[in-house]
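Protein sequence lines, in the order shown, are assigned to chains A and B.
Its first residue numbered 1, the first sequence is counted upward by one per residue in full-length UniProt numbering.
Its first residue numbered 1, the second sequence is counted upward by one per residue in full-length UniProt numbering.
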Amino acid sequence: MIADAANDHHATPATTLSQASAGCQLRISQLEGKACKRLRELGFCEEMEICKLSDGRNMICSVCGTRMALSRKLGDQVMVEMV
Amino acid sequence: METIALVGNPNSGKTTLFNALTGANQKTGNYAGVTVSRVSGTLRTPHGNKYELLDLPGCYSLSPNSPDERITRDVLLGDQEGAERPSAVVCVVDASNLERHLYLVTQIVDLGLPIVVALNKVDLAEKQGIRVNVDLLSEELGLPVVPCQANKGKGVVDLKHAIRQPFPHIPNRTWQGDKATEKAIVDLTSELETTGLEQPQAHAIHLLADVAYRTEEQPGIDRGVRQTAMDAADVAIRSGTAPDENISQSRTRRVQEICKMAARRQDTQGLTTSDKIDQILLHPVLGWVFFATSMMVVFWTIFSLAEYPMGWVEAGIDFVKNTVVGGMPEGDVKDLVSDGIIDGVGSVVIFLPQILLLLFFIGLMETTGYMSRAAFLMDNLMSKVGLSGKAFLPLLSSYACAIPGIMATRTMDSAKQRLLTIMIAPWMSCTARLPVYALLIGMLLAGYGAMVQALVLAGLYVLGTSTALLAAWLLAPRVKGSEEQTHFMMELPSYTVPDFKFIFRHLIERAWSFLAKAGTIILGISIILWALKTYPKPEEGTPAASDAGLALEQSYMGQIGHAIEPVVKPLGYDWRTGTALVAAFAAREVFNTSLAISYSVDEEEFEDEDSFLDQLRAKMNAATWEDGTPIYTPLTTMSLLVFFVYALQCLPTTAVVRRETGSWKWALGQLGAMSAFAWLAAFLVFQVGSLFV
Numbered sequence: 001m002i003a004d005a006a007n008d009h010h011a012t013p014a015t016t017l018s019q020a021s022a023g024c025q026l027r028i029s030q031l032e033g034k035a036c037k038r039l040r041e042l043g044f045c046e047e048m049e050i051c052k053l054s055d056g057r058n059m060i061c062s063v064c065g066t067r068m069a070l071s072r073k074l075g076d077q078v079m080v081e082m083v
Numbered sequence: 001m002e003t004i005a006l007v008g009n010p011n012s013g014k015t016t017l018f019n020a021l022t023g024a025n026q027k028t029g030n031y032a033g034v035t036v037s038r039v040s041g042t043l044r045t046p047h048g049n050k051y052e053l054l055d056l057p058g059c060y061s062l063s064p065n066s067p068d069e070r071i072t073r074d075v076l077l078g079d080q081e082g083a084e085r086p087s088a089v090v091c092v093v094d095a096s097n098l099e100r101h102l103y104l105v106t107q108i109v110d111l112g113l114p115i116v117v118a119l120n121k122v123d124l125a126e127k128q129g130i131r132v133n134v135d136l137l138s139e140e141l142g143l144p145v146v147p148c149q150a151n152k153g154k155g156v157v158d159l160k161h162a163i164r165q166p167f168p169h170i171p172n173r174t175w176q177g178d179k180a181t182e183k184a185i186v187d188l189t190s191e192l193e194t195t196g197l198e199q200p201q202a203h204a205i206h207l208l209a210d211v212a213y214r215t216e217e218q219p220g221i222d223r224g225v226r227q228t229a230m231d232a233a234d235v236a237i238r239s240g241t242a243p244d245e246n247i248s249q250s251r252t253r254r255v256q257e258i259c260k261m262a263a264r265r266q267d268t269q270g271l272t273t274s275d276k277i278d279q280i281l282l283h284p285v286l287g288w289v290f291f292a293t294s295m296m297v298v299f300w301t302i303f304s305l306a307e308y309p310m311g312w313v314e315a316g317i318d319f320v321k322n323t324v325v326g327g328m329p330e331g332d333v334k335d336l337v338s339d340g341i342i343d344g345v346g347s348v349v350i351f352l353p354q355i356l357l358l359l360f361f362i363g364l365m366e367t368t369g370y371m372s373r374a375a376f377l378m379d380n381l382m383s384k385v386g387l388s389g390k391a392f393l394p395l396l397s398s399y400a401c402a403i404p405g406i407m408a409t410r411t412m413d414s415a416k417q418r419l420l421t422i423m424i425a426p427w428m429s430c431t432a433r434l435p436v437y438a439l440l441i442g443m444l445l446a447g448y449g450a451m452v453q454a455l456v457l458a459g460l461y462v463l464g465t466s467t468a469l470l471a472a473w474l475l476a477p478r479v480k481g482s483e484e485q486t487h488f489m490m491e492l493p494s495y496t497v498p499d500f501k502f503i504f505r506h507l508i509e510r511a512w513s514f515l516a517k518a519g520t521i522i523l524g525i526s527i528i529l530w531a532l533k534t535y536p537k538p539e540e541g542t543p544a545a546s547d548a549g550l551a552l553e554q555s556y557m558g559q560i561g562h563a564i565e566p567v568v569k570p571l572g573y574d575w576r577t578g579t580a581l582v583a584a585f586a587a588r589e590v591f592n593t594s595l596a597i598s599y600s601v602d603e604e605e606f607e608d609e610d611s612f613l614d615q616l617r618a619k620m621n622a623a624t625w626e627d628g629t630p631i632y633t634p635l636t637t638m639s640l641l642v643f644f645v646y647a648l649q650c651l652p653t654t655a656v657v658r659r660e661t662g663s664w665k666w667a668l669g670q671l672g673a674m675s676a677f678a679w680l681a682a683f684l685v686f687q688v689g690s691l692f693v
């Protein structure tokens, strides 16, 4: 079972921004959801490297040197992978 | 005169650049939403050309999420009724944030207007190790790019040179959509050409790029055009492409390409100074400790430190009074000048230092970047009552004055939350309440120190704020409006050294505006109140002729007061307080003026060193009911304080609510509900309190 879980983890290396740990350097792999157009306008776009600075109900991310605070629901729409 | 629009993302330094270009003193702040409506000034280029420069509200894109962003889009597309489309655009881009800010540039390029990019904050970009190749950036965008540092005035002359006529060529579109999207743009453009719509291609792209623009009612776009756009979008969608998604992705891709070529960002893995500060100030526990402590310091300062400048103002009023009235013969004119004008206006002007201190601290929060952090902290609390943290900024602004606070709700994306915020904003204790609070707290807690008085003052702010939040929670399910899903999303700008130049300039403006109000509205009401108190004069030989108190009761003010008394007596107030409350309906500050005028009739003389305020407080404390019991007991004072926390008593606010909600129903409903609530709360405080005292 542990092996299966490990395989699953390898099969889906991308996770959502909400699930990622604070302090991680991440790369946005995909935007999925209703707010993705707005997220793009704010600088969250595919291939962009971001750093998740803090977690919580609202998280803070560093995007191009600017801190953006966004809710977990928005974070759920940002698929990321570890850099 | 031709018009040039100044646009850019929030925090890109637009308003600072606007001030540098026009020499104006437009308010700037280090958080989104400071400019909530279009502001214009005159720009003169070194070639002698004169333009009207429009400072438009900051926006992340031309697909608006809030009313202020809609203003920017409508002006640029020429959709705003009664406003000419600008002749050119200056687009402000933060050089340290190129990847994020160029998205808006790509949208503005599509509008078919001459554009100059002001590449602002180049110094900050250099500090962050970002090297921007300005020539390459200009080449890739196909338009002039001028590096500048607006806060130091660097590059401003170059920018003015770039704006000279003839304007730069209209740039070509920088991105390429997929086949279906491109076909939809071409088809829709040719369709729109036949309708006679101006800028058919700009409108075609925007109609396809923004679902809301083509599906919702727009003032500048008729139903037929929208239907044509919807048909064109449907054709593209049937062939497998949602044009809005495709256009958004194509623009993003193009921005990334340009940035890869024109900007080099050094890898900076470490935390910046702002990140490190945020680790403390946004800490779930330490953040709140800092927030609460700083608020306490603000209130303590207002009561302790303000005493000195208040003393100076008071000395100034005394000097004016002695100089002006000293040589005047006894009579009505002397009374009018002394009691009506100088005491009436003086009773408000004396609080100027406290108001300015509060505004100074709000200015500090704005210019250091802490304001948006406070909103971040408050989001958790506000979400519990159905509001977003974004409502915090308008509500905090309302502590200075409800009018800019209500206008700041234009930055909110949810119409329902915006309405809720407008409804509760006047319960944030604005600076106009400070004179009343200070007078009454000083009376209630005369023997206590500044710290206790500051705690009570803070308590009044907490009372207003917590009731406002409770009201929001109760109103949220009752306010009509779609339960649209809103998400908290906010830029937290880097911390900066406070801009004292801006703060002091703003304070001077506010002081001037306060003094202008004291010199007009309050002066006018003071004179009217004095006349109501003085006339009709008692006839010679009647008891009232030798008894000032009786004369006041027989005056028009006395007659009005006695008519009002049944309404205010259950709250513990006599007719004089009732008259003052009615006078304060136009503006709260007039309450002190009215009391100063009413109580100056007492025959007591204060020839000692007592201050003006102490004299007024002493006269109020000495006032008695007919049975000899004091009118102003601690309970009456508390009841009055509670009344002032809750009553709206500001007609300009009602006018602004009418404008912002577009309905008298909301504006008058708010006025009526808040007045009734204030009466009920004061009634409960006095009546329930009377059971125990």
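The beta-carbon is built from N, C-alpha and C at its ideal position, and this holds for glycine as well.
Proximal residues of chain A, C-beta to C-beta of residue i below 9 Å
| i | result |
| --- | --- |
| F376 (chain B) | N58, I60, A69 |
| E245 (chain B) | C36, K37 |
| residue 701 (chain B) | Only positions 1 to 693 of chain B appear in the structure, and residue 701 (chain B) is not among them; the question remains open. |
| F514 (chain B) | Chain A residues near F514 (chain B): none, gap ~35 Å exceeds 9 Å. |
| N380 (chain B) | G56, R57, N58 |
Reduced DSSP category for residue i - H, G, I as helix; E, B as strand; rest coil
| i | result |
| --- | --- |
| T661 (chain B) | helix |
| D76 (chain A) | coil |
| N58 (chain A) | strand |
| T12 (chain A) | Residue placement at T12 (chain A) is flagged as unreliable, the pLDDT there being 48, under the threshold of 50; a coordinate-derived value is accordingly withheld. |
| T653 (chain B) | helix |
| Q687 (chain B) | helix |
| E607 (chain B) | With a pLDDT of 49 at E607 (chain B), under the threshold of 50, the predicted position of this residue should be treated as unreliable, though the coordinate-derived value follows. Of the three classes helix, strand and coil, the one that applies to E607 (chain B) here is coil, per DSSP. |
| T496 (chain B) | coil |
| V7 (chain B) | strand |
| E314 (chain B) | helix |
| Q199 (chain B) | coil |
| G33 (chain B) | Only weak support is given to the placement of G33 (chain B): the predicted model assigns it a pLDDT of 49, under 50, and the value that follows is read from those uncertain coordinates. It is coil, neither helix nor strand. |
| D574 (chain B) | coil |
| E52 (chain B) | strand |
| S29 (chain A) | strand |
| S338 (chain B) | helix |
Proximal residues of chain A, C-beta to C-beta of residue i below 8 Å
| i | result |
| --- | --- |
| M638 (chain B) | In chain order: nothing, as chain A lies at least about 37 Å away. |
| H562 (chain B) | The contacting residues do not exist; H562 (chain B) stays about 56 Å from chain A at best. |
| D178 (chain B) | None at all; the shortest Cβ gap to chain A is about 16 Å. |
| S274 (chain B) | R67 |
| D278 (chain B) | L53, S54, I60, R67 |
Given residue i as reference, the closest of the options once Cα atoms are compared
| i | options | result |
| --- | --- | --- |
| A580 (chain B) | B:P570, B:K569, B:G572, B:G561 | B:G561 |
| residue 694 (chain B) | B:I4, B:I247, B:F303, B:M423 | As displayed, chain B neither begins before 1 nor continues past 693, which places residue 694 (chain B) out of reach and without an answer. |
| F488 (chain B) | B:S513, B:D499, B:L377, B:I221 | B:L377 |
| V225 (chain B) | B:Q559, B:M310, B:H203 | B:H203 |
| A408 (chain B) | B:F18, B:G58, B:T42 | B:G58 |
| M557 (chain B) | B:L571, B:E539, B:Y599 | B:Y599 |
| M451 (chain B) | B:V92, B:A306, B:L159 | B:A306 |
| L571 (chain B) | B:K533, B:L668, B:L640, B:V285 | B:L640 |
| E46 (chain A) | A:L53, A:A69, A:K34, A:L26 | A:L26 |
Under 7 Å from the C-beta of residue i: neighbouring residues of chain A
| i | result |
| --- | --- |
| S248 (chain B) | K37, R40 |
| E491 (chain B) | T66, M68 |
Within chain B, partners of residue i - CB distance below 7 Å
| i | result |
| --- | --- |
| G65 (chain A) | S96, N97, Q128 |
| residue 121 (chain A) | The structure shown has nothing for residue 121 (chain A), since chain A only spans 1 to 83. |
Check: Looking at C-beta atoms only, is the number of pairs between the stretch 56-74 of chain A and the stretch 81-89 of chain B that lie closer than 8 Å three or more?
Finding: Flag = no, the stretch 56-74 of chain A and the stretch 81-89 of chain B do not touch.
Pair every Cβ in the stretch 466-477 of chain B with every Cβ in the stretch 244-264 of chain B, then say whether three or more of these pairs are closer than 8 Å. Not touching, per the Cβ criterion.
request  = Check each residue of the stretch 257-268 of chain B: if its Cβ is closer than 7 Å to any Cβ of chain A, include it; give the result in chain order.
outcome  = The residues in question: there are none.
Exercise. Do the stretch 175-189 of chain B and the stretch 231-247 of chain B make contact, defined as three or more Cβ pairs closer than 8 Å?
Worked result: Inter-segment contact for the stretch 175-189 of chain B and the stretch 231-247 of chain B is present: three or more beta-carbon pairs are separated by less than 8 Å.
- Task: Closer than 8 Å, Cβ to Cβ, to anything on chain A: give me those residues from the stretch 60-82 of chain B, in chain order.
- Result: Those would be Y60, S61, S63, N65, in chain order.
Fill in: Residues, ordered as in the chain, of the stretch 134-157 of chain B that lie near chain A by beta-carbon distance below 8 Å
So the list is empty, because no residue satisfies the distance condition.
Would you call the stretch 269-282 of chain B and the stretch 150-158 of chain B touching, i.e. three or more CB-CB distances under 8 Å?
At 8 Å Cβ cutoff, the stretches do not touch.
Q) Does the stretch 350-357 of chain B come close enough to the stretch 321-341 of chain B that 3 or more CB-CB pairs lie under 8 Å? A) Verdict: no, contact absent.
task: Report yes or no: do the stretch 414-428 of chain B and the stretch 626-637 of chain B share at least 3 C-beta pairs separated by less than 8 Å?
output: Short answer: they don't touch.
request  = Decide if the stretch 35-47 of chain A is in contact with the stretch 60-74 of chain B; the criterion is three or more beta carbon pairs, one per stretch, under 8 Å apart.
outcome  = By the Cβ rule, the stretch 35-47 of chain A counts as touching the stretch 60-74 of chain B, because three or more pairs are nearer than 8 Å.
**OP:** Determine which residues of the stretch 281-296 of chain B have a Cβ less than 8 Å from any Cβ of chain A, and write them out in chain order.
**Re:** Interface annotation for the stretch 281-296 of chain B against chain A: L282, P284, criterion Cβ-Cβ distance under 8 Å.
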